[in-house]
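Enquirer: In my numbering, each residue carries its 1-based index in the sequence shown increased by 27.
Attaching a single structure in structure tokens format; questions to follow.
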Amino acid sequence: MTPGTVYLVGAGPGDPGLLTVRAAELIARADVILHDRLIPAAALAGARPDAELLYVGKQGGGEQVPQEETHRLLLEHALAGRSVVRLKGGDPFVFGRGGEEALVCLEAGIPFEVVPGITAGVAAPAYAGIPVTHRELASAVAFVTGHEDPEKPDSALDWPALAGFPGTLVFYMGVRALPRIAEQLMAGGRPADEPVAVVERGTLPGQRTLLSTLTDVGERAAAEGIRAPAVALVGPVAGLRERLAWLERRPLHGRTIAVTRARPQASALAARLRELGAAVVEAPAITIRPIAAQLPDLRRYDLICVTSPNGAHELFRQLAAAALDARALAGRTVAAIGPGTARALGEHGVRADLVPERAVAEGLVDALAAVDVRRALVVRASEGRETLPEALRARGAEVDVLALYETVAEQLDAETARAAAHADYVTFTSASTVRFFLAATDALDGPRIASIGPATSAALREAGLEPDVEADPHTPDGLVAALLADNPQGV
Ligand code: SAH
């Protein structure tokens, strides 16, 4: 059998956005993925559902899966003809034992490829606002493993040479090694007041940076309880952090925000909140279950109202199933309840004729005031409000309601529910997110409560919760703006 290829892949320092395109491609194709602990949690989400995921990092008690065992697994799977991704934190060839694994493949005649990753020693400083090189401050940078015990006589590190190195030193290390590193550098002539930055959990939620000097870094790191994973950067460039720190200046930095909307809709909101610096807990409380409906002949209606993006997508899914397309709506007036629904219609080639300013049923009723309606179809969820059909009927129109999906509870695991309940904010984007989230969690008395609009706020009040923040406009963008307004100076 031809052996499969082994891909030695860097997963980057932790932020899933720093995974390379090539890494994501290979993860999506792999038969087997052998991975470490320090890889972004989201990195494996792109793996095939039938891929075999094997953990070869540190085990519970801190014992590493022996390197020989990793080698054995690499060979076993590749020789069985599988494509194997060996996924490592940062870069596979920077303190990652990737070189050893490549040699093992070479000796066994197994083809291998290397996919570099963004190494923690560059990424963590960058997220802390520290360029590892800078004109006039540092023209060289050295990456050093600080796991070496400096007291060991056979230490591979040449401390006097490191102390004399003309540039930035970046140590990948256990935090306990810090005091000895600082001592050795000062003993070798590095100035005692040279700036040192220790970056903990670089590029991950909760990243922390301690800026100090060689004299006091050991003591301060211990006092502040700095923990692994962390890198320490020694050199004048560390001082640039005072001006270049950008991460902490983002308006939602330090805030944890839970998003309860259905998974497919949650990601855009979550991405926007992350960009603004928030740590996001994705806690989808609801999911959409299509209802197979008998689609009526749409030509019978002069007005078609679509009251949610899900309704729009479901309408077109069911049209397609009946071998129809956007032409089925030709000549009808199409109204969308808000910009999100209008966008969803647009994705199917239909430009909404009407989008009210206020994205609620009452807003749509107002917007329709000047439209002559005889027969209307309202496309929506089975559990929708009656406001719109009733208002149209009151105006003498004949109204049919077409329920195309129902909203049902999504199972929340205990850990996610707990994380959401301890967030700074929980966001609710519909009455159903309120109902199902509250059913899945204990009392919500910690977080501030953010509601997308009046219908959602009414559901919250019914459950005995007063929203602290209500969006206006009643859209996800409006919700983001309301959260920003609630955090005027950032943290
Ligand atoms: N191959 C990896 C390094 C593996 S050694 C890379 O290129 O980044 C593991 C060490 O990397 C940790 O002890 C820590 O010093 C550093 N490290 C890894 N991820 C880190 C992170 N997110 N923030 C700070 N340091 C990190």
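Each residue gets a CB set at the ideal place from its N, CA and C atoms; glycine is no exception.
Take histidine 161 and list the residues in its own chain whose beta-carbon comes closer than 7 angstroms to its own, dropping the five residues that flank it on each side.
Expert: Around histidine 161: Val264 and Leu267.
Enquirer: Using the Cα positions of leucine 102 and valine 83, report the straight-line distance between them to the nearest angstrom.
Expert: Answer to the nearest angstrom: the Cα atoms are 14 angstroms apart.
Enquirer: Which stretch, first to last residue, makes up the beta strand (DSSP E) that contains arginine 412?
Expert: Arginine 412 -> no beta strand (DSSP E), and no H or E assigned at all.
Enquirer: Would you mind listing the alpha helix (DSSP H) stretches within the region 138-173 that are 4+ residues and don't spill past its ends, in chain order?
Expert: Counting whole runs of 4 or more residues, the region 138-173 contains the alpha helix (DSSP H) stretches 147-154.
Enquirer: Counting only the same chain and skipping the five closest in sequence on each side, list residues whose C-beta sits under 6 angstroms from that of valine 308.
Expert: So the qualifying residues of the chain are Ala285, Ala446, Ala447 and Ala450.
Enquirer: Hey, which unbroken runs of the beta strand (DSSP E) at 3 residues or more fall wholly within the region 91-128?
Expert: For the region 91-128, whole beta strand (DSSP E) runs of length 3 or above, ordered along the chain, are 111-115.
Enquirer: Counting C-beta neighbours from all protein chains within 10 Å, is the total for glycine 31 16 or more, i.e. buried, or is it exposed?
Expert: Buried, since its Cβ has 16 or more Cβ neighbours within 10 Å.
Enquirer: Smallest Cα separation from glutamate 269: which of Gln292, Val223 and Glu227?
Expert: The shortest C-alpha separation from glutamate 269 is found at Val223.
Enquirer: What residues sit near the ligand SAH, counting only those whose C-beta is closer than 6 angstroms to one of its heavy atoms, in chain order?
Expert: Spelled out in chain order, the answer is Pro40, Gly41, Leu65, Lys115, Gly116, Gly117, Asp118, Val121, Phe122, Gly123, Thr146, Ala147, Ala151, Tyr199, Met200, Val226, Arg228, Gly229, Thr230, Leu231, Ala255, Pro256, Ala257 and Val258.
Enquirer: Go to isoleucine 54, then tell me how far its alpha helix (DSSP H) extends in each direction, as first and last residue.
Expert: 48-56 is the span of the alpha helix (DSSP H), which, as asked, contains isoleucine 54.
Enquirer: For valine 518, which of helix, strand or coil comes out of DSSP?
Expert: Confidence at valine 518 is low in this model, with a pLDDT of 48, below 50, so its placement is unreliable and the value that follows should be read with caution. Residue state, collapsed to three classes: coil.
Enquirer: Terminal residues of the continuous alpha helix (DSSP H) containing alanine 68?
Expert: That residue, alanine 68, is in no alpha helix (DSSP H); it is neither H nor E in DSSP.
Enquirer: Comparing C-alpha positions only, which one of Ala444, Leu395 and Asp440 sits nearest to arginine 422?
Expert: Of Ala444, Leu395 and Asp440, the residue nearest in Cα terms is Leu395.
Enquirer: Note down the Cα distance separating glutamate 221 from leucine 184, rounded to an integer number of angstroms.
Expert: Using only the alpha carbons, I get a separation of about 20 angstroms.
Enquirer: According to DSSP, simplified to helix, strand and coil, what is serine 294?
Expert: Three-state DSSP puts serine 294 in a helix.
Enquirer: With 16 other CB atoms within 10 Å as the buried threshold, where does lysine 115 fall?
Expert: Lysine 115 comes out buried.
Enquirer: What did DSSP end up calling arginine 326 once you bin it into helix, strand or coil?
Expert: Helix, per DSSP.
Enquirer: Quick check on threonine 443: does DSSP put it in helix, strand or coil?
Expert: Helix.
Enquirer: What would DSSP say about methionine 28, mapped onto helix, strand or coil?
Expert: It is coil, neither helix nor strand.
Enquirer: With three or more beta-carbon pairs closer than 8 angstroms as the criterion, would you say the region 133-143 touches the region 91-107?
Expert: A contact exists between the region 133-143 and the region 91-107.
Enquirer: Helix, strand or coil for phenylalanine 192? Go by DSSP, reduced to three states.
Expert: Correct three-state label for phenylalanine 192: coil.
Enquirer: At a cut of 8 angstroms, does the region 481-497 reach the region 338-352 through at least three beta carbon pairs?
Expert: Because the criterion of three Cβ pairs below 8 angstroms is not met, the region 481-497 and the region 338-352 do not touch.
Enquirer: Threonine 334 and isoleucine 313 - do their beta-carbons sit closer together than 9 angstroms?
Expert: No. Outside cutoff.
Enquirer: Should histidine 174 go down as buried or exposed, given a rule of 16 or more other Cβ atoms within 10 Å for buried?
Expert: With fewer than 16 other Cβ atoms within 10 Å, it is exposed.
Enquirer: What residues in its chain sit with their C-beta under 7 angstroms from that of methionine 213, if we drop five residues either side in the sequence?
Expert: Closer than 7 angstroms at Cβ, skipping near neighbours: Ala219 and Leu241.
Enquirer: Using the three-state DSSP reduction, which class does isoleucine 284 fall into: helix, strand or coil?
Expert: The answer is strand: DSSP assigns isoleucine 284 an E or B state.
Enquirer: For glycine 44 and alanine 298, I'd like the C-alpha separation in whole angstroms.
Expert: Going from the Cα of glycine 44 to the Cα of alanine 298 covers about 10 angstroms.
Enquirer: Measure the C-alpha to C-alpha separation of alanine 379 and glycine 201 and round it to an integer number of angstroms.
Expert: In a straight line, the C-alpha of alanine 379 is about 59 angstroms away from that of glycine 201.
Enquirer: Under a Cβ-count criterion, where at least 16 other Cβ atoms within 10 Å of its own Cβ denotes burial, should proline 311 be classed as buried or exposed?
Expert: It is buried - the Cβ of proline 311 has at least 16 other Cβ atoms within 10 Å.
Enquirer: In the structure shown, what three-state DSSP assignment does proline 222 receive?
Expert: Correct three-state label for proline 222: strand.
Enquirer: Just to check my reading of the structure: tyrosine 432 and proline 317 have Cβ atoms closer than 8 angstroms, yes? What is that Cβ distance to the nearest angstrom?
Expert: Going by Cβ atoms, the distance from tyrosine 432 to proline 317 rounds to 5 angstroms, so yes, they are a contact pair.
Enquirer: Rounded to a whole number of angstroms, what is the C-alpha to C-alpha distance between valine 518 and valine 406?
Expert: Confidence in valine 518 is poor, its pLDDT being 48 and thus under 50, which makes the residue's placement unreliable; the coordinate value appears in the next sentence. Those two C-alpha atoms are separated by around 43 angstroms.
Enquirer: Exposed or buried, what is proline 76 when buried is set at 16 or more other beta-carbons lying within 10 Å of its beta-carbon?
Expert: Under this definition proline 76 is an exposed residue.
Enquirer: Out of Gly108, Arg228 and Val226, point me to the one whose CA is closest to methionine 28's CA.
Expert: Closest option to methionine 28, Cα to Cα, is Gly108.
Enquirer: Suppose you measure from the CA of glutamate 384 to the CA of alanine 362; what does that come to, to the nearest Å?
Expert: Spanning the two alpha carbons is a distance of roughly 12 angstroms.
Enquirer: Select from Leu419, Ala467 and Tyr452 the residue whose C-alpha is nearest the C-alpha of aspartate 440.
Expert: Aspartate 440 has its Cα closest to that of Ala467, out of Leu419, Ala467 and Tyr452.
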